[in-house]
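Peer 1: The structure is given below, and queries will be raised subsequently.
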Amino acid sequence: MSLDERTRPRTLQLSTIGSRTPGQRDRAIDGLRALALLAVPTGHWLIGGFVRDPDTSLHNASPLSTFAPLAPITWVLQMLGIFFLVGGYASVQSFRRAAERGEPTGHWVRGRLARLLRPAVGVTAVWALLAPLLYVAGVPETTIHTAATLVVQPLWFVCVYAVVTVLTPYCMAANRRLGAWAAAPLVATIAIVDFLRYGPFADSIPYWVGLISLFPGWMFAYQLGVSWGEKRLGRRGAWLLLLGGAALFAVLLLVFHYPASMVGVPGQDRTNSHPPSLLVIALAAAQSGAAILLRDRIAALLQRPVLWAPVMAVNASAMTILCWHQTAMVAAALPASYLGAVHGLTTSPDFPAWMLTRLPWLPLFAAILILIAQVTRRFELPWTGVTRTTRILAGGLAVGFSAFALYLL
């Protein structure tokens with residue numbers, strides 16, 4: 392069989408995928424969502440190391456703690472601003488279609504929340520059953536605690552995203568009044584909170600004040616996405632976001648000495664992400680501007696079936712990737728912890744070359760995640776055939792495990 396004959400079935404399959412894609416599908420939005428989604432496991436897998444203790448137990452460690460020059464990596468991998476931007480855009484389109492069908496707002500909101508929460512309930516319920524089994528099997532308690540905190544770590548995002556989704560009708564109302572400037576009060580809120588936390592009165596400001604930034608910080612890009620979807624944010628506004636965000640980012644780093652890392656670093660008393668600081672807003676603004684400006688080029692690239700097929704696959708398993716990627720990393724490290732020091736997997740990330748030893752493990756993490764997804768993607772689909780008792784039990788297990796893991800944080 393010739394090379395052309397062997398590759399023809401794959402070419403036909405890719406062409407079929409492209410031809411079956413609905414014409415109204417916004418490929419650029421799907422592509423941006425896939426890019427932002429893949430940045431989450433890539434970031435966690437790259438800068439979330441393990442250290443093996445003499446008793447074979449594992450605890451978390453980060454190369455950012457010992458090698459600060461790695462911080463710019465987080466500027467690229469922190470793409471939640473893009474995710475919230477396309478989330479706002481997609482929610483507007485979905486809400487409009489639902490309204491045209493005569494679907495009540497409450498029904499639309501419940502449907503969106505179910506799609507978000509089913510996978511989160513699934514992963515935490517499974518771990519509520521898995522953790523005791525691991526303990527009985529002799530896995531060190533420290534390792535189980537480490538795994539539990541890693542599993543719930545990405546789920547804060549689900550909670551925040553669920554809240555901003557509920558607020559979609561109000562975001563649309565704000566956009567009708569103010570256009571893209573509806574995001575400005577959110578920026579002002581973050582700026583005020585940052586001034587209180589880090590300004591001259593910082594010593595007298597209680598910790599909980601920082602929590603005020605939590606929802607406005609992540610809603611900023613979502614509100615921009617709503618304006619984009621409502622055609623109130625175009626290229627001129629995108630250029631303003633890109634240049635203004637980049638300038639603000641530089642000023643905050645160089646003049647006001649914000650931490651360079653976009654994620655929390657163990658041992659540092661300030662963090663940009665929990666809750667989001669003005670630096671996160673600046674990065675989200677620049678990313679959003681760039682995404683809007685590049686939309687047409689991205690859409691053109693994704694007309695190629697070889698690029699569009701993986702984007703479809705990622706979008707089809709979006710929440711599975713988000714909820715289970717830490718489990719995949721734990722699944723690789725746990726057996727290795729019994730083998731001694733395995734470079735890049737269970738060795739302390741306290742030297743610059745550690746990143747090079749980490750990179751070869753990423754394909755293994757991805758392969759394990761794909762295997763896990765074969766089973767767990769069922770949680771993303773409607774839970775038809777699942778009894779009410781089973782749903783209540785799953786919810787109880789999820790709440791119990793989440794409370795246990797949050798207690799350990």
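Per my numbering, the sequence shown starts with residue 392, numbered consecutively. For each residue, glycine too, the CB sits at the ideal point set by N, CA and C.
1) If you draw a straight line from the C-alpha of Asn805 to the C-alpha of Val527, how long is it?
2) How about the segment 602-615 and the segment 640-660: do they share at least three Cβ pairs that are nearer than 8 angstroms?
3) For Arg492, name the three-state secondary structure that DSSP assigns.
4) Can you check which of these residues, Pro666, Gly635, Arg686, Val656, is closest to Ala673 by C-alpha distance?
5) How would you write the range of the beta strand (DSSP E) that Ala452 sits in, first residue to last?
6) By Cβ distance, which residues of its chain are closer than 7 angstroms to Ala724, with the 5 residues on each side in sequence left out?
7) Runs of 3 residues minimum, wholly inside the segment 594-667: which ones carry the beta strand (DSSP E) assignment?
8) Quick check on DSSP: helix, strand or coil for Leu403?
9) Can you tell me which of the three DSSP states Gly776 falls into?
10) Would you say Ser728 and Thr515 are within 8 angstroms of each other, going by their C-beta atoms?
11) To which residues of the same chain is Ala789 closer than 6 angstroms at the C-beta, ignoring the five residues directly before and after it?
12) Distance, Cα to Cα, Thr540 vs Val721?
13) CA-CA distance, Pro510 and Leu476?
14) Please confirm if the segment 466-476 is in contact with the segment 614-623, defined as three or more CB-CB distances below 8 angstroms between the two stretches.
15) Can we say the segment 678-696 touches the segment 484-492, given the rule of at least three CB pairs closer than 8 angstroms?
16) Name the residue from Thr433, Ala785, Ala757 whose alpha carbon lies nearest to the alpha carbon of Leu468.
17) So what's Arg695 in DSSP terms, helix, strand or just coil?
18) Is it true that the segment 420-439 meets the segment 702-712, where meeting means three or more beta-carbon pairs spaced less than 8 angstroms apart?
19) On a Cα-Cα basis, can you pick out the residue from Phe486, Gly628, Ala519, Leu520 that is closest to Pro560?
20) Assuming His716 contacts His435 under a Cβ cut-off of 8 angstroms, what Cβ separation, rounded to an integer in Å, is found between them?
21) Would Asp421 be called buried (16 or more neighbouring beta carbons within 10 Å of its own) or exposed?
22) Alpha carbon to alpha carbon, how far is Ala419 from Pro523? Give it in angstroms, no decimals.
23) Would you kindly check if the distance between the Cβ of Ala573 and the Cβ of Ala565 is under 8 angstroms?
24) Indicate whether Val555 and Leu797 have their beta-carbon atoms separated by less than 8 angstroms.
25) Check whether the Cβ atoms of Ser453 and Pro743 sit closer than 8 angstroms, and answer yes or no.
26) Is Ala789 helix, strand or coil when you go by DSSP?
Peer 2: Reading it off the structure:
1) Given a span of 392 to 800 for the chain in the structure shown, any question on residue 805 remains unanswerable.
2) No, they do not touch.
3) Your numbering for residue 492 matches position 101 in the sequence shown. Three-state result, Arg492: coil.
4) The sequence position of residue 673 within the sequence shown is 282, counting from 1. Here the closest residue by C-alpha is Gly635.
5) As a working mapping, residue 452 is identified with position 61 in the sequence shown. Note, Ala452: beta strand (DSSP E), 449-452.
6) To locate residue 724, count along the sequence shown from 1; it is residue 333. Excluding sequence positions up to five before and after Ala724, its CB lies within less than 7 angstroms of the CB of Phe441, Leu449, Leu736, Thr737, all in the same chain and listed in chain order.
7) For the segment 594-667, not a single whole beta strand (DSSP E) run of length 3 or above is found.
8) Mapped onto the sequence shown, residue 403 falls at position 12. The pLDDT assigned to Leu403 is 43, lower than 50, so where the model puts this residue is not dependable; a value taken from the coordinates is nonetheless given after this. Three-state DSSP puts Leu403 in a helix.
9) Numbered from its first residue, the sequence shown carries residue 776 at position 385. Reduced to three states, the DSSP call for Gly776 is coil.
10) Numbered from 1 along the sequence shown, position 337 holds the residue referred to as residue 728. Numbered from 1 along the sequence shown, position 124 holds the residue referred to as residue 515. Result no, Cβ atoms of Ser728 and Thr515 do not sit closer than 8 angstroms.
11) Position 398 of the sequence shown holds residue 789. Excluding residues within five positions, the ones whose Cβ falls inside 6 angstroms are Val512, Thr515, Ala516.
12) In the sequence shown, counting from the first residue as 1, residue 540 sits at position 149. In the sequence shown, counting from the first residue as 1, residue 721 sits at position 330. Distance between the alpha carbons of Thr540 and Val721 is about 11 angstroms.
13) Residue mapping note: residue 510 aligns to position 119 of the sequence shown, counting from 1. Residue mapping note: residue 476 aligns to position 85 of the sequence shown, counting from 1. When rounded, the distance between both Cα atoms is 22 angstroms.
14) yes
15) no
16) Your numbering for residue 468 matches position 77 in the sequence shown. Measuring from the Cα of Leu468, the nearest candidate turns out to be Thr433.
17) On the sequence shown, residue 695 is found 304 positions in, with the first residue counted as 1. Assignment of Arg695 by DSSP, reduced to helix, strand and coil, places it in the coil class.
18) Yes: the two stretches touch, three or more of their Cβ pairs being nearer than 8 angstroms.
19) Here residue 560 refers to the residue found at position 169 when the sequence shown is read from its first residue. Closest by alpha carbon: Phe486.
20) Within the sequence shown, the letter at position 325 stands for residue 716. Within the sequence shown, the letter at position 44 stands for residue 435. His716 to His435, Cβ: 6 angstroms. Contact.
21) To locate residue 421, count along the sequence shown from 1; it is residue 30. Classification for Asp421: buried.
22) Here the question's residue 523 lines up with position 132 in the sequence shown. Here the question's residue 419 lines up with position 28 in the sequence shown. About 44 angstroms.
23) As a working mapping, residue 565 is identified with position 174 in the sequence shown. As a working mapping, residue 573 is identified with position 182 in the sequence shown. Closer than 8 angstroms, so yes.
24) By 1-based counting over the sequence shown, the position of residue 555 is 164. By 1-based counting over the sequence shown, the position of residue 797 is 406. It is not a contact, given that the beta carbons lie outside the stated cut-off.
25) Here residue 453 corresponds to residue number 62 of the sequence shown, with the count starting at 1. Here residue 743 corresponds to residue number 352 of the sequence shown, with the count starting at 1. No, these two residues do not count as a Cβ contact at 8 angstroms.
26) Taking the sequence shown and counting its residues from 1, the one referred to as residue 789 is at position 398. Residue state, collapsed to three classes: helix.
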